[in-house]
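Chemist: The structure that follows is given in the form of C-alpha cells.
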Amino acid sequence: MFGLFKNRPAAAPEAAASAPAAPAAAPAKPAPLHGLMMDRPLLISDILKHAAANHAGAKIVSVRADGSRVRHTWPQIAARAAKLANALARRGVQQGERIATLAWNEHRHLEIYYGVSCMGAVMHTVNPRLFADQLVFILTDAADTHLFIDPTLLPALEAVADRLPPTLKAVVVMGEAGSVPGQGKLIGKVELLSQEALIADEPDSIDWPVFDERCASSLCYTSGTTGEPKGVLYSHRSTVLHALTTLQVDCFATSAADVLLPVVPMFHVNAWGIPYAAGMAGCSLVLPGPRLDPVSLYTLFEEEGVTGSAGVPTIWTALLQWLRANPEKRFTNPPRFTVGGTALPKPINEGFLKEYGVRIMHAWGMTETSPLGAVNVRKAENIDWDEDRWLDYSKKQGRPLFGIELKAVDAEGHEIAHDGVAFGELLVRGNWVAAQYFNRTGDDVFTDDGWFRTGDVVTIDALGVMEIVDRAKDVIKSGGEWISSIELENTIMGHPKVAMAAVIAMHHPKWDERPLLLVVPKPGSNPTEAEILAFYEGRIAKWWTPDAVEFVETLPMTATGKVWKAVLKKQYADRAPTTLAHAQTR
Ligand code: ADP
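First residue of the sequence shown? That's 33 in my numbering, and the numbers climb one at a time after it.
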C-alpha cells in the first residue's frame, strides 16, 4: 500500500492576471558574511592521525582463527594502514577505485578500513554469508579491482572462481605471514597474493591526500532479502559525522577509557561505525574474529575488560541463556550493550538488567542510514520513570539522533498523529542517509522532496519516540486489519519455555491472512500449543492470537543475523490454520 504513495502536489501558482504591480526594485542583497574559521574537509584520515598521535595507550586486540589473540596500538595500526596504502598505490590503485573485503572483525580488516579510504579509494565490504550468485553480482556491480579475503573464506571464493568479474586484478589473502595457502597461484584467472607479503617492504608512513569530503569512502550492499542487493556508497563527510554523533552520551557514550567489542560485523554497514568512532574517541577495540558464541564472547568481555558492545538480539539472547545455564559466570564489571537490527524482546533486556546489571540501549538503523538513525534513551519527560516502566518503554526503537529527521506518513502521504497509535511508513532524511543507490537510478524509495522511504511501518508517540510495528512486507493483514508480527514475537519471548520465535502470515480462506507462530523451544522443555497460546491471553488483543503453532529446531537466519521470513513464508506457503475459535469469532 505504501508503494502507491505519491507526494502531494505543490500548491498551484497564482494566476498571472491577479499578480500585484511589480514592486520597486528590491535593495541589493548584501554578500553573505562568512565566519572566519578554518575550513578543513572532514576526512577519515584525520581520525586515524588523531588516534595514532594521541591515544597510543589504547589496545587493538584481535582474535585469530585458532582463538589466540594479537595486540596492536593505534600508532601500529596507522603504520600498517600506511604500508597498505603505499602497496596499493604501487599497484596503481586510483582514487575512487573499489577494493573489496570478505573478512571477519580483525585487525587487518581495520587496517584496510583506514588504509583504503584514507588513500581515496573505496573500501567495499562484502558479506561472507551471501550466496554464490549474490557474491558474484555484488563484486561485478561494484567492479572491484582487489579483493582482500580471510583465509577461512577462500573456499567460498574458489566456488565462483570462473565467474569473478574481469575488473578483478588480485585476491589478497589476509593470513599470517607464511601461512597463506596458494600464494602465487591463480583463483580463476586472478592472481592470489598475501597481504603480509604485499606490505612487507613498504614505508610505514604516508602523507594522506587531502580531497573533497564528499568523496566516496566505503560501499556496502543491502542484504538483498527483498530483491537485488543495492549498493550504499558512503562519503568521508557522512562517515565522520555519523561516527562523531554516535560518541554522544545519549548514544554509545564512548570515552577514551572505553574498551569496545563490536559483535556487529565489519562486513555490514561499517560495524555501525564503531571502527571510526573508536579512533575518534581513542579508545580500545576488541575484534572477536569469527567466533561469536557465548563462551568466546564472555571470555573476551571478562579477560579484556570490555566496557561496551553492540550486536543483534540473537547474540544477546544466546548469551543470556548461556549465562543462566552457568550461574557461576558473572560480569566483574557489567558492560553496556547496544542492540539493533531487529526488535529487542523485553525479557532479554529485563533479564540482563535485573540479573546481571547490564544496560541495553535499543537503536534503529539501516544500511541506507550508515546505520544509526534513532536511539531509545531516557529524556526529560521520562527521566524519573521507574525501572519497570522504562523497560516496557525500551521496546520502542527511539527518537532521532541530531543530524537525522524522521516522519511517518499514511497511505495518502499525510503525516500521522503522534499518539503512539496511528501508524504509517517511516521516512528519514539526514546527513548520513543515502540519496541514491550506487550504479542505479529511478528507485522510488527516494522521494522527489528529499526523503528516503524505509519500508518500516511505525507509530510515533507524544514524546516523538518511534516504534516499529512491522516491516511493510511482514505485517499480517487479517480481515483488512493489521497484526504486528513483531508484537507477537516479543510477547511470546517472555514465555519461560521459548528460546526463539517468529511469526509469519499464512493464507486463510475467510480473513486472507492469519498469524502462524514458529517456536524454537528451550533445550529440555516440551511446550504444547495450548500452553503457548494461553500465554497471549490478556497480553494482546484476542483476535491477534496466532492460528497455529509450529515447533521447530532452528529458524533460518539472513546474512545479517535476522530471522529470514522470506524463507519461512515459502516453507509454510501451504500451511493451513488450525480452526481455533478466536480466529473465527473476531
Ligand atoms: P536488511 O534490510 O538487509 O535487513 P538492514 O540492516 O539495512 O538490512 O536492515 C534495516 C531494517 O532492519 C530496518 O528497516 C528495520 O526494519 C530493521 N531494524 C533495524 N533496527 C531495528 C530495531 N531496533 N528494531 C526493529 N527493527 C529494526
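For every residue, glycine included, the Cβ atom is placed at its ideal position computed from N, Cα and C.
Within 10 Å of its beta-carbon, does glycine 128 have 16 or more other beta-carbons around it, so buried, or fewer, so exposed?
Modeler: exposed
Chemist: Are at least three pairs of beta-carbons, each pair with one atom in the stretch 460 to 479 and one in the stretch 258 to 271, less than 8 Å apart?
Modeler: yes
Chemist: Give me the DSSP bridge partner(s) of aspartate 488.
Modeler: Paired residues: Arg503.
Chemist: What residues in its chain sit with their C-beta under 6 Å from that of glycine 526, if we drop five residues either side in the sequence?
Modeler: Answer for glycine 526: Pro379, listed in chain order.
Chemist: Any heavy atom of the ligand ADP within a distance shorter than 7 Å of the CB on proline 403?
Modeler: yes
Chemist: Return yes when the Cβ of glycine 207 is within less than 8 Å of the Cβ of proline 183, no when it is not.
Modeler: Result yes, Cβ atoms of proline 183 and glycine 207 sit closer than 8 Å.
Chemist: Hey, how far is the Cα of proline 320 from the Cα of proline 345?
Modeler: 17 Å
Chemist: Output the distance between the C-alpha atoms of alanine 288 and leucine 218, rounded to the nearest integer angstrom.
Modeler: Taken atom to atom, the span from the alpha-carbon of alanine 288 to that of leucine 218 is near 44 Å.
Chemist: Return the Cβ separation of valine 530 and serine 516 in integer angstroms, given the expectation that the two are a contact with Cβ distance under 8 Å.
Modeler: Contact doesn't hold; Cβ gap of about 18 Å is too wide.
Chemist: Flag this pair as touching only if the stretch 145 to 155 and the stretch 69 to 76 have three or more C-beta atom pairs under 8 Å; answer yes or no.
Modeler: With a cut-off of 8 Å, the stretch 69 to 76 and the stretch 145 to 155 count as touching, because enough Cβ pairs lie within range.
Chemist: Considering only heavy atoms of the ligand ADP, does any lie closer than 7 Å to the CB of glycine 474?
Modeler: no
Chemist: At which residues does the beta strand (DSSP E) containing asparagine 408 begin and terminate?
Modeler: 404 to 408
Chemist: Under the DSSP definition of a beta bridge, which residues are partnered with tyrosine 266?
Modeler: Ser250
Chemist: Using a Cβ distance threshold of 8 Å, determine whether the stretch 189 to 196 contacts the stretch 487 to 505, with at least three qualifying pairs required.
Modeler: no
Chemist: Would you report the Cα separation of glycine 16 and arginine 269, rounded to the nearest angstrom?
Modeler: In the structure as shown, the chain starts at 33 and stops at 618, and residue 16 therefore has no counterpart that could be examined.
Chemist: Report all residues from its chain with a CB closer than 7 Å to the CB of alanine 605; omit the five preceding and five following residues, and keep chain order.
Modeler: none
Chemist: Taking the C-alpha atoms as reference points, what is the distance between valine 581 and leucine 550?
Modeler: 6 Å
Chemist: Taking only beta-carbon atoms, is glutamate 585 less than 8 Å away from chain D?
Modeler: Any reference to chain D falls outside this structure, which holds one protein chain only.
Chemist: Since isoleucine 436 is in the beta strand (DSSP E), which residue starts that stretch and which ends it?
Modeler: 436 to 441
Chemist: Taking Cβ to Cβ, would you say lysine 594 is nearer than 8 Å to threonine 374?
Modeler: yes
Chemist: Buried or exposed: where does isoleucine 415 fall if 16 or more other Cβ atoms within 10 Å of its Cβ makes it buried?
Modeler: exposed
Chemist: Can the beta-carbon of histidine 178 be found less than 8 Å from the beta-carbon of valine 205?
Modeler: no
Chemist: State the beta-bridge partners of phenylalanine 384 as determined by DSSP.
Modeler: Bridge partners of phenylalanine 384: none, in fact.
Chemist: Please work out which residues of its chain come closer than 8 Å, Cβ to Cβ, to alanine 5, disregarding the five sequence neighbours upstream and downstream, and give them in chain order.
Modeler: Nothing about residue 5 can be read from this structure; the chain reaches only from 33 to 618.
Chemist: Does the Cβ of aspartate 493 lie closer than 7 Å to at least one heavy atom of the ligand ADP?
Modeler: no
Chemist: On a CA-only basis, which of Gly435, Ile448 and Asn381 is nearest glutamate 419? Give me that one, please.
Modeler: A check of alpha carbon separations from glutamate 419 across Gly435, Ile448 and Asn381 identifies Asn381 as the nearest.
Chemist: When we look at the beta-carbon of alanine 114 and count the other beta-carbons within 10 Å, is it buried (16 or more) or exposed?
Modeler: It is buried - the Cβ of alanine 114 has at least 16 other Cβ atoms within 10 Å.
Chemist: Whether or not the stretch 297 to 312 and the stretch 406 to 415 are in contact is what I'm after, with contact meaning three or more pairs of Cβ atoms, one per stretch, closer than 8 Å; do they touch?
Modeler: The stretch 406 to 415, when compared against the stretch 297 to 312, does not touch it at the 8 Å Cβ threshold.
Chemist: Comparing C-alpha positions only, which one of Arg571, Lys601, Phe478 and Gln353 sits nearest to methionine 532?
Modeler: Across the set Arg571, Lys601, Phe478 and Gln353, the C-alpha of Gln353 shows the shortest separation from the C-alpha of methionine 532.
Chemist: Within 8 Å, do at least three Cβ pairs link the stretch 154 to 161 to the stretch 100 to 107?
Modeler: no
Chemist: For alanine 342 versus valine 272, is the C-beta spacing smaller than 8 Å?
Modeler: no
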